[in-house]
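Quick mapping for you: the protein sequence lines, in order, are chains A and B.
Heads up: the first sequence runs through residues 1 to 506, numbered per the UniProt record's numbering.
Heads up: the second sequence runs through residues 1 to 268, numbered per the UniProt record's numbering.
One structure is given here, and the rest of the page talks about it.
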Amino acid sequence: MTATVRGARVVLRGFGWRHATRRAPALSSIDLVIEPGERVLLLGASGSGKSTLLQALAGLLGDDEGDAGGSLEVEGGTRGLVLQDPESQVILSRVGDDVAFGLENLAVPRQEIWPRVRAALDEVGLDVPLDRPTSALSGGQQQRLALAGVLAMRPALLLLDEPTANLDPEGVQEVRRAVGEVVAQHPVTLVVVEHRVELWHDLVDRVIVIAGGGVAIDAPAATVFTDHADQLCELGIWTPASSGLNGSQGAARPMGPGNAPRALGDHPPLLAADDLTVSRTPGAAVRGGIHAEVRAGRCLAITGPNGSGKSTTGLTLAGLLPPEDGLVQASEGLRQGASAQPHRWRSRELLTRVGVVFQDPEHQFLSTTVRAELEVGLKALRMPKSEADARVTELLKRLRLEHLAEANPFSLSGGEKRRLSVATMLATRPQVLVLDEPTFGQDAATWRELVSLLRELLDAGTAVVAITHDERFVAALADDVLHLDRNEGSLATAGAAIDDGSRARP
Amino acid sequence: MTAPHVIARHDAESSAQSSWWTSVNPIARLGAAFAIALCLVLTIDWVSAATALALELALLPFLGIRPAQFWRRTWPVWLAAPLTGLTIVLYGETSGRVWFEFLFARVSDGSISLGVATMLRVLAIALPSVVLFIGVDTTRLADGLAQIVRLPARFVLGALAGLRLVGLLVEDWRSLELARRARGVGDTGRLRRLAGQAFSLLVIAIRRGSRLATAMEARAFGSSKERSWARPSTLGSRDVTVMLLGFLVGILSIASSLLAGTWNFIAS
Numbered sequence: 001m002t003a004t005v006r007g008a009r010v011v012l013r014g015f016g017w018r019h020a021t022r023r024a025p026a027l028s029s030i031d032l033v034i035e036p037g038e039r040v041l042l043l044g045a046s047g048s049g050k051s052t053l054l055q056a057l058a059g060l061l062g063d064d065e066g067d068a069g070g071s072l073e074v075e076g077g078t079r080g081l082v083l084q085d086p087e088s089q090v091i092l093s094r095v096g097d098d099v100a101f102g103l104e105n106l107a108v109p110r111q112e113i114w115p116r117v118r119a120a121l122d123e124v125g126l127d128v129p130l131d132r133p134t135s136a137l138s139g140g141q142q143q144r145l146a147l148a149g150v151l152a153m154r155p156a157l158l159l160l161d162e163p164t165a166n167l168d169p170e171g172v173q174e175v176r177r178a179v180g181e182v183v184a185q186h187p188v189t190l191v192v193v194e195h196r197v198e199l200w201h202d203l204v205d206r207v208i209v210i211a212g213g214g215v216a217i218d219a220p221a222a223t224v225f226t227d228h229a230d231q232l233c234e235l236g237i238w239t240p241a242s243s244g245l246n247g248s249q250g251a252a253r254p255m256g257p258g259n260a261p262r263a264l265g266d267h268p269p270l271l272a273a274d275d276l277t278v279s280r281t282p283g284a285a286v287r288g289g290i291h292a293e294v295r296a297g298r299c300l301a302i303t304g305p306n307g308s309g310k311s312t313t314g315l316t317l318a319g320l321l322p323p324e325d326g327l328v329q330a331s332e333g334l335r336q337g338a339s340a341q342p343h344r345w346r347s348r349e350l351l352t353r354v355g356v357v358f359q360d361p362e363h364q365f366l367s368t369t370v371r372a373e374l375e376v377g378l379k380a381l382r383m384p385k386s387e388a389d390a391r392v393t394e395l396l397k398r399l400r401l402e403h404l405a406e407a408n409p410f411s412l413s414g415g416e417k418r419r420l421s422v423a424t425m426l427a428t429r430p431q432v433l434v435l436d437e438p439t440f441g442q443d444a445a446t447w448r449e450l451v452s453l454l455r456e457l458l459d460a461g462t463a464v465v466a467i468t469h470d471e472r473f474v475a476a477l478a479d480d481v482l483h484l485d486r487n488e489g490s491l492a493t494a495g496a497a498i499d500d501g502s503r504a505r506p
Numbered sequence: 001m002t003a004p005h006v007i008a009r010h011d012a013e014s015s016a017q018s019s020w021w022t023s024v025n026p027i028a029r030l031g032a033a034f035a036i037a038l039c040l041v042l043t044i045d046w047v048s049a050a051t052a053l054a055l056e057l058a059l060l061p062f063l064g065i066r067p068a069q070f071w072r073r074t075w076p077v078w079l080a081a082p083l084t085g086l087t088i089v090l091y092g093e094t095s096g097r098v099w100f101e102f103l104f105a106r107v108s109d110g111s112i113s114l115g116v117a118t119m120l121r122v123l124a125i126a127l128p129s130v131v132l133f134i135g136v137d138t139t140r141l142a143d144g145l146a147q148i149v150r151l152p153a154r155f156v157l158g159a160l161a162g163l164r165l166v167g168l169l170v171e172d173w174r175s176l177e178l179a180r181r182a183r184g185v186g187d188t189g190r191l192r193r194l195a196g197q198a199f200s201l202l203v204i205a206i207r208r209g210s211r212l213a214t215a216m217e218a219r220a221f222g223s224s225k226e227r228s229w230a231r232p233s234t235l236g237s238r239d240v241t242v243m244l245l246g247f248l249v250g251i252l253s254i255a256s257s258l259l260a261g262t263w264n265f266i267a268s
């Protein structure tokens, strides 16, 4: 940007908001002043209303979407918003056109548009030709593209809504660096919503926590995590301490006298992949040379950057996709009379053998109530009603979904959807549980719950396969790591199943 | 992801075409196809359709489209045209000598000539419509529709951005299919399952659409201001030439049928 813009001043007085479709207000009576050039980290558990507040600041809550109360003023200049999901905020099919889109809407004259587009791309460090297809960019690049699109508009208020939640670790760093550069050069007012506190707390000067629709904590970034540690933990918010591996609840299982590692013989193999090549659609191999072993009571983490074929590998191990080449072999203990190749199993045969929790919970919902959703698999197994009811009731309780038994699965919050999608797979008690990015965008409370639930399953002898970017998750649970790098067909790394020994066994 | 493959194919297609042709404004291509169709729907006779088809095939090499690509894109037309013709031959208006009769089917001199004329006409109208749009850049098309044809910008840009979601929805559909297998309901009731799956896709499509709308709104889309255009879309002499050629094909085919005395105005 050539012209420097002064940061905006934000003033909220008794601000409240109720979504048109909800009875309870998302936000009530918020009093807040954000000074020009201030950098604020906005925190809150999922469903606390922080995203609603950000949308209100962005001016995206129209009268037809709900009722507002009090006042909200943004003094000075344009506002720019970057959203969480890279895929849904790419607007046009070429990089240059996408950045120019906002400028066109602001009626910036043509001769000014292209220099501003180039300057914005420079600032976020996206060094690609203007006619590069936006679909060919990585997630981190797409987020920087979105940031460039917003920067080109010369905002006085920059709003970021979990901009790194869907990215691999490399993409997270790219975006964090780009935002750091931008705020170092321009005195914009910055408001970031993020779960990853440790990533942003160096950059911000103030932390505001939203809970129960109001401001729960408003404190300087330098002291908030020491002064309010207990309260933050209670609210289910990540703090730099709980994010680290030394935290009490997020860390690896304690190793004690009774916790000596068991011999591998105590973990019979259930699935084995031998020189496996995987593909989404037959004929289009994603990667090859994969060797992996899934054992009862052990957690195999499949890691690697976006596009390395992690999910495809996981789904192939789970018998949802046929191998392109090579074999996935089920052990005698797992197949129990069914074929030795999981992809040949009938859909019903999968239920008690391998459960898959998809990355997007909505993809696997089939029913109109939470209770019915949990019954789907049990009905397919033709389980007697009394037994099925007992299982469902137990699961609802265990995953804290009792109060939502009659709710529509699509209407749940992000964390609740994740819990339900795991519960649907646990209902039929499969021997192997495959989870695709189970912790994506989850708050600290849901994360902890998920980890402790999976630990219980592992202790009970279930095999867990987790496709994940989440290093904390790997540290807390993984016994074996299958790392796939971007380099297609690289046998050396793809084949290496490393026992990292970080997790102790009972 | 399927999207990168789509792009790659698109690039390969445009690079095979002559640079002269790729620079033609999509609106001019639209205009040319429209001119041909407009002239040819006025009459049903084999002379005009055959003339148009012959002229079109003569012009085809100038577009620089590879034969493989030509057949891949146009095969449905080559399949549909004879089938349409055959239907008319069997069931069309009877006149002259009757050659063959079975149930309601009656093949006569009249129905044969009408069938042939129809087949040629389908080819003469549909082929340019398909061929002229091979390798069209949707962004340029949208620019033209908004700036030259003056369709409302909100509508055109909304459709353009929405088009990008199609690739994502194809992915969603695959995930939905796999998820149903994982949930134990993939063995039976295929029809019912497809209906449920279609409904889920609809829900997901609406969510994706509204997220995209939010992203567009966040970039000041839909404000009351008259927007500016980063990419000007204008019609140059080259574009006018293309449209005139389309019109010429239409006029020559009408003239040929008038000269041959086969002109058969549809309204009469």
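Just so it is clear, CB atoms sit at the ideal spot from N, CA and C, and this is done for glycine as well.
From a predicted model like this one, the values you see are computed outputs, not experimental measurements.
- Runs of alpha helix (DSSP H) with 4 or more residues, each lying fully within the stretch 83 to 108 of chain A, are found at 86 to 89, 95 to 105, listed in chain order.
- Only those residues of the stretch 329 to 348 of chain A whose C-beta falls short of 7 Å from the nearest C-beta of chain B are listed: 346, 347, 348.
- For a Cβ distance threshold of 7 Å, residue set 182 of chain B lies close to residue 356 of chain A, ordered along the chain.
- In this structure, the straight-line span from the alpha carbon of residue 16 of chain A to that of residue 202 of chain A is close to 30 Å.
- Sequence-ordered contacts of the stretch 113 to 124 of chain A with chain B read 113, 114, 117 [C-beta pairs closer than 9 Å].
- Relative to the Cα of residue 29 of chain A, the nearest Cα in the group A/216, A/21, A/158 belongs to A/216.
- Taken in chain order, the members of the stretch 202 to 224 of chain B whose beta-carbon sits within less than 7 Å of a beta-carbon on chain A are 203, 204, 208, 211, 212, 214, 215, 216, 217, 218, 219, 220, 221, 223.
- Residue B/112 holds the alpha-carbon nearest to the alpha-carbon of residue 90 of chain B among B/173, B/112, B/23.
- According to DSSP, residue pairing for residue 299 of chain A in a beta bridge involves A/464.
- Residue 164 of chain A places its beta carbon 9 Å or farther from that of residue 9 of chain A.
- For residue 277 of chain A, there is no enclosing alpha helix (DSSP H); the residue is part of the beta strand (DSSP E) that begins and ends at 269 to 279.
- The shortest C-alpha to C-alpha distance from residue 268 of chain A to any of A/289, A/294, A/276 is the one to A/294.
- By the Cβ criterion, the stretch 36 to 44 of chain B is not in contact with the stretch 151 to 165 of chain B, since fewer than three pairs of Cβ atoms, one from each stretch, lie closer than 8 Å.
- Within chain A, the residues placing a beta-carbon under 7 Å from that of residue 227 of chain B are 104, 105, 107, ordered along the chain.
- In this structure residue 310 of chain A is not in contact with residue 91 of chain A, their Cβ atoms being roughly 28 Å apart against a cut-off of 8 Å.
- In the DSSP annotation of this structure, residue 58 of chain A is not part of any beta strand (DSSP E), being labelled neither H nor E.
- Neighbours of residue 424 of chain A in chain B, taken as residues at a C-beta separation under 8 Å, are given in chain order as 183.
- Among the residues of the stretch 87 to 98 of chain A, those with a Cβ less than 9 Å away from any Cβ of chain B are 87, 88, 89, 90, 91, 92, 93, 94, 96, 97, in the order of the chain.
- Fully contained in the stretch 40 to 71 of chain B are the following alpha helix (DSSP H) runs of length 4 or more, in chain order: 46 to 59.
- Contact between the stretch 30 to 46 of chain A and the stretch 433 to 448 of chain A is established, with three or more Cβ pairs separated by less than 8 Å.
- Under DSSP, the beta-bridge partners assigned to residue 155 of chain A are A/78.
- At a Cβ-Cβ threshold of 9 Å, residue 193 of chain A and residue 158 of chain A do not count as neighbours.
- Residue 276 of chain A and residue 79 of chain B have their C-alpha atoms roughly 41 Å apart.
- Listed by position along chain B, the residues whose Cβ is nearer than 9 Å to that of residue 440 of chain A form an empty set, because the closest Cβ is around 15 Å away.
- Neighbours of residue 100 of chain A in chain B, taken as residues at a C-beta separation under 7 Å, are given in chain order as 230.
- Distance between residue 361 of chain A and residue 133 of chain B, taken at the CA atoms: about 39 Å.
- When DSSP states are grouped into helix, strand and coil, residue 32 of chain A belongs to the strand group.
- Taking a C-beta distance under 9 Å as the contact criterion, residue 474 of chain A and residue 303 of chain A qualify as a contact pair.
- Interface with chain A (9 Å Cβ-Cβ cutoff): residue 178 of chain B is included.
- Here the alpha carbons of residue 335 of chain A and residue 326 of chain A stand approximately 19 Å from one another.
- DSSP places residue 247 of chain B in the uninterrupted alpha helix (DSSP H) bounded by 237 to 260.
- At least one beta carbon of chain A lies nearer than 9 Å to the beta carbon of residue 200 of chain B.
- Residue range 190 to 217 is occupied by the alpha helix (DSSP H) that includes residue 199 of chain B.
- As computed with DSSP, residue 17 of chain A is found in a beta bridge with A/27, A/68.
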